[in-house]
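> Residue numbers (mature numbering (1 follows the signal peptide of the UniProt record, and there is no 0)): -28 to -1, 1 to 254.
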């Protein structure tokens, strides 16, 4: 091949090398096909805000993030984070952070776990403002950060109007519902769903009647305990959907009360409690 003929190939190789440097340390096999270099540039900015000067490793061997490729409703995008760690590993997961990179406030939830977690599953619903990468970042008991990511096509979720009538929403403000399996086994992981009635206004929604933006008003924290011992604390913000829903796993080691304390951005506190009676193993 002549030098003239090989020049385009050299230029192409240089371009591809530059592109790989642009997307940084994300392994090729885990890159969502539709993510662009600017998506990873934005991720670099987001990670520096929430994890300044810290290395984040590819956690795909232990951590997964499930989300629809194209969301049906950008204001109610289902997200599931799963982790599975070998029992003989000398570490566990202490904190799990869910970030919607393209949202005005990327933080959807920071989940602080109080028990030694080798396996976990947490699901919720979020707002997605534009086509974006979504990241789950786990902090381990030995101080490392592991990440998983998905690319989601959705837009307008943060400015989408509330689904409920404002008066109806206020009448049900702070009411909670807990869904548990019909049979709760003893000493085995149980998945619960917590539903909290709250408008979770983002501050970007426009009221067509008053012709003004609805002020932000959202759930700020959720604390869950069982039998008097803390299970999980969640820091949240406007990226969480209206009427927050939270699926989480816990392991009841005997009869006890599951208590929930929710605080919103106006410092209003709502509480709920449910008696749980596990069935003995057969």
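C-beta atoms are modelled at their ideal positions from N, C-alpha and C, and glycine is treated no differently.
Because the structure is a prediction, the values reported are computed rather than measured.
Find out if the Cβ-Cβ distance for the pair residue 96, residue 202 is shorter than 8 Å.
No, these two residues do not count as a Cβ contact at 8 Å.
> Would you kindly report the start and end of the unbroken alpha helix (DSSP H) that includes residue 213?
From DSSP, residue 213 is part of no alpha helix (DSSP H); its letter is neither H nor E.
> In or out: residue 243 buried (at least 16 other Cβ within 10 Å) or exposed?
The residue is exposed, with fewer than 16 neighbouring Cβ atoms inside 10 Å.
> Taking the alpha carbon of residue 210 as the point to measure from, which residue in 32, 231 and 70 has its own alpha carbon closest?
Cα-wise, what sits closest to residue 210 is 70.
> Using beta-carbon positions only, say whether residue 100 and residue 43 come within less than 8 Å of one another.
Yes, they are a contact pair.
> Could you spell out where the alpha helix (DSSP H) holding residue 13 opens and where it closes?
Here the alpha helix (DSSP H) through residue 13 covers 9 to 22.
> Per DSSP, residue 173 forms a beta bridge with which residues?
According to DSSP, which records beta bridges pairwise, residue 173 is partnered with 189.
> Should residue 135 be labelled buried (16 or more other beta-carbon atoms within 10 Å of its own) or exposed?
Answer is exposed; the Cβ neighbour count stays below 16.
> For residue 229, collect the residues of the same chain with a Cβ closer than 6 Å to its Cβ; drop the 5 residues on either side in sequence, then sort them by chain order.
Cβ within range, chain order: 245 and 247.
> Kindly provide the ranges of any alpha helix (DSSP H) runs that are 4 or more residues long and lie completely inside the stretch 119 to 153, ordered along the chain.
Correct list: 138 to 143.
> Under three-state DSSP, which class holds residue 164?
If DSSP states are grouped into helix, strand and coil, residue 164 belongs with the strands.
> For residue 192 and residue 155, I'd like the C-alpha separation in whole angstroms.
Between residue 192 and residue 155, the C-alpha separation is close to 32 Å.
> Given that a residue counts as buried once 16 or more other Cβ atoms are within 10 Å of its Cβ, and exposed if not, what is residue 143?
With fewer than 16 Cβ atoms within 10 Å of its Cβ, residue 143 is classed as exposed.
> Buried or exposed: residue 13, going by 16 or more other Cβ atoms within 10 Å of its Cβ?
So residue 13 counts as exposed.
> Measuring only the C-alpha atoms, how far is residue 109 from residue 118?
Cα to Cα, residue 109 sits roughly 6 Å from residue 118.
> Tell me, please, which residues DSSP counts as bridged to residue 182.
In the DSSP output, where bridge partners are listed per residue, residue 182 has none listed.
> Tell me which same chain residues have a C-beta within less than 8 Å of the C-beta of residue 252, skipping the five on either side of it?
Cβ within range, chain order: 158.
> Suppose you measure from the CA of residue 18 to the CA of residue 129; what does that come to, to the nearest Å?
Looking at the two C-alpha atoms, the distance is approximately 19 Å.
> Given this structure, state the Cα-to-Cα distance separating residue 40 from residue 74, to the nearest angstrom.
Approximately 16 Å, taken between the alpha carbons.
> Quick one: Cα of residue 179 to Cα of residue 62, how far?
Cα to Cα, residue 179 sits roughly 52 Å from residue 62.
> Which whole-angstrom value describes the C-beta separation of residue 188 and residue 113, a residue pair presumed to lie in contact below a C-beta threshold of 8 Å?
In fact, because the Cβ distance is near 34 Å, the residues do not count as touching under 8 Å.
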